[in-house]
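Asker:
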Amino acid sequence: MVIFFLLIIFSISYFILWLIYRKAFKSQKKISKILVFIGGIGLIIFYYTPYSYYLEPSYHEFKKMCKLNELPNNEEKYNKILSYFGLSLDTLDWEELNDGTWQLKENSSDYKKGVFEYASISRNRSKINYRLRIAAGFYSNESKINRYNINAMRMYSAWQTRRYHLEQESMASYKLVWMEEELICADVVKDNMIPKGENNEQQRTD
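So in my numbering the end of the sequence shown lands on 509, straight run, no missing numbers.
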């Protein structure tokens, strides 16, 4: 995998230099291997910076979904999130949703007494493509969640960056393995967890 990655990187470096030599300067000189190497190192450094994400369409798709979390908590937001699963508040299977409802612990970062005491994640999880998967989270103050007592809703999305790092396999092992970096919505946007009806209309709607 690493060798294949390096072959791609240095091939791109060679191609860029070829364009510069042949097209920009109209030169027929042999392309320097040192410059190909330096260019490849530069591409690797750039690839591992967040700026390189902007060149990938799937990243923009991921971020667009996540930005739904910034919207005011109301039925319009809920239906926008559910539309990614081919659902709406009218067509969601509430019985199935409530089969997975759990009570939030008081030490949970999402817990808010009388507001966020119960949560559930949709079983209608979806894999948009080989790098992007999503689910919808519901928060309520009642154990039986329905369209009228949802106090907040959140899009859960994870994007596989295809950036790999060497990490320790486990706390009990010194073995190093290649692990892929993953981005979630919390990495790119700030969730609007102001409950439905609580100064929400003053929040962002774009």
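Beta carbons: idealized from backbone N, C-alpha and C, even for Gly. Treat the numbers as computed from the prediction; the structure is a model and nothing was measured.
Taking the runs of the alpha helix (DSSP H) that are 4 residues or longer, which of them lie wholly in the stretch 382-432?
Answerer: Whole alpha helix (DSSP H) segments, 4+ residues: 397-402.
Asker: Just checking, does the stretch 344-359 make contact with the stretch 474-483 on the three C-beta pairs under 8 Å criterion?
Answerer: Cβ pair count under 8 Å is below three, so no.
Asker: For a quick check, are the C-beta atoms of residue 461 and residue 485 less than 7 Å apart?
Answerer: In this structure, residue 485 lies closer than 7 Å to residue 461 by Cβ.
Asker: Is it buried or exposed, residue 419, if we count other Cβ atoms within 10 angstroms and call 16 or more buried?
Answerer: With 16 or more Cβ atoms within 10 Å of its Cβ, residue 419 is classed as buried.
Asker: Taking residue 483 as the reference, give the member of 495, 491 and 465 with the closest Cα.
Answerer: Of 495, 491 and 465, the residue nearest in Cα terms is 465.
Asker: Should residue 453 be labelled buried (16 or more other beta-carbon atoms within 10 Å of its own) or exposed?
Answerer: Per the 10 Å Cβ criterion, buried.
Asker: Tell me whether the stretch 356-367 and the stretch 383-397 touch, counting them as touching only if at least three CB pairs, one residue from each stretch, are closer than 8 Å.
Answerer: No contact exists between the stretch 356-367 and the stretch 383-397.
Asker: So the alpha helix (DSSP H) residue 364 belongs to, where does it begin and stop?
Answerer: Segment 360-369, the alpha helix (DSSP H) holding residue 364.
Asker: With 16 other CB atoms within 10 Å as the buried threshold, where does residue 307 fall?
Answerer: Flag for residue 307 reads exposed.
Asker: With a cut-off of 8 Å, do at least 3 Cβ pairs link the stretch 379-389 to the stretch 405-424?
Answerer: No, because fewer than three Cβ pairs between the stretch 379-389 and the stretch 405-424 fall closer than 8 Å, the two stretches do not touch.
Asker: In chain order, what residues of the same chain have a beta carbon less than 7 Å from the beta carbon of residue 399, not counting five sequence neighbours either side?
Answerer: Excluding sequence neighbours, residue 399 sits near 426.
Asker: Here's the rule: buried if 16 or more other CB atoms are within 10 angstroms of the residue's CB, otherwise exposed. What is residue 339?
Answerer: Per the 10 Å Cβ criterion, buried.
Asker: Over what stretch of residues does the alpha helix (DSSP H) that includes residue 350 continue unbroken?
Answerer: That run of the alpha helix (DSSP H) goes 336-350.
Asker: Could you check the C-alpha separation between residue 441 and residue 346 for me, to the nearest Å?
Answerer: In a straight line, the C-alpha of residue 441 is about 41 Å away from that of residue 346.
Asker: Rounded to the nearest angstrom, what separates residue 311 and residue 317 at their Cα positions?
Answerer: The alpha-carbon atoms of residue 311 and residue 317 are separated by roughly 10 Å.
Asker: Given this structure, state the Cα-to-Cα distance separating residue 505 from residue 449, to the nearest angstrom.
Answerer: The predicted model places residue 505 with a pLDDT of 45, which falls under 50 and marks its position as unreliable; any figure quoted below should be read in that light. Going from the Cα of residue 505 to the Cα of residue 449 covers about 25 Å.
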